[in-house]
Amino acid sequence: MISDSIQTALNKQIRIEAESSQIYLAMASWAELQGLEGVAQFMYTQSEEERMHMLKLFRYVNERGGHAKVSPLNGPDLEFGSFKEMFETLFNHEIFVSESINELVHLTFENKDYATHNFLQWYVAEQIEEEAQARMILDKIKLIGDNNAGLYLFDNDIKQISAAAQSKAEGL
Ligand code: OFO
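Count along the sequence shown from 1, then add 3; that gives the number in the working numbering.
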């Protein structure tokens, strides 16, 4: 059985993961409209992955005798000034999510909820990967700058990252 404070914190994280899914879905749509198919595919896959993160938490709360709640979500940005701006938003969002997971892990310690502490280790590892991936993509985008040919090649490149992420999401 989880305590009320852990349940509230897990439900907050459920909302954050659901919002992440919507944020990346909006990015997928914007990238698709700009004609960058690879970037769009990557964002669709990220969006699906975030939904899986949300569902994993959701099921855990109910399995532990709590009540997983569907909350209203904040709306994501729908437009971006540039691809660089979009990937900066993604990177900053992943840092925000990592901080939120850290706080959650800290709370489980304070509450001596070692089962939830153990469950959350998966998210800790996942955030290290997601942050590293976002940083790597942002570094590439910074190198490309305003070069359209570079952006075209990057779009092809990111299809491979997206295919790897897709098989990971299927394994969750
Ligand atoms: Fe759920 O990992 Fe990104 O946000």
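Ideal Cβ positions, reconstructed from N, Cα and C, are used throughout, including at glycine.
Residue i beta carbon near ligand 1 (any heavy atom closer than 8 Å)
i      : result
HIS56  : yes
GLN130 : yes
TYR47  : no
SER8   : no
GLU53  : yes
VAL262 : No statement about residue 262 is possible, as the shown extent of the chain runs from 4 to 175 and does not include it.
Rounded separation between residue i and residue j - CA only
i      : j      : result
LEU28  : GLU97  : 15 Å
GLU20  : GLY148 : 30 Å
LEU60  : LEU36  : 32 Å
GLU113 : ASP7   : 13 Å
MET139 : PHE90  : 10 Å
ALA71  : GLU88  : 34 Å
ASP116 : LEU123 : 11 Å
SER23  : PHE157 : 23 Å
For residue i, the first and last residue of its enclosing alpha helix (DSSP H)
i      : result
SER8   : 7-36
PHE83  : Where PHE83 is concerned, there is no enclosing alpha helix (DSSP H), given that its DSSP letter is neither H nor E.
HIS56  : 40-66
MET4   : Unbroken run through MET4: none, as it is neither H nor E.
LYS115 : No alpha helix (DSSP H) holds LYS115; DSSP gives it neither H nor E.
Chain D within 9 Å of residue i, Cβ atoms only
i     : result
GLU97 : Protein chains in the displayed structure number just one, and chain D is not present.
Cβ neighbour criterion (16 or more within 10 Å) applied to residue i
i     : result
ASP80 : exposed
TYR47 : buried
ASN14 : buried
GLY84 : exposed
GLY69 : buried
Cβ-heavy atom distance, residue i to ligand 2, below 8 Å
i      : result
HIS109 : Absence of ligand 2 is noted for the structure shown, with ligand 1 being the only ligands found.
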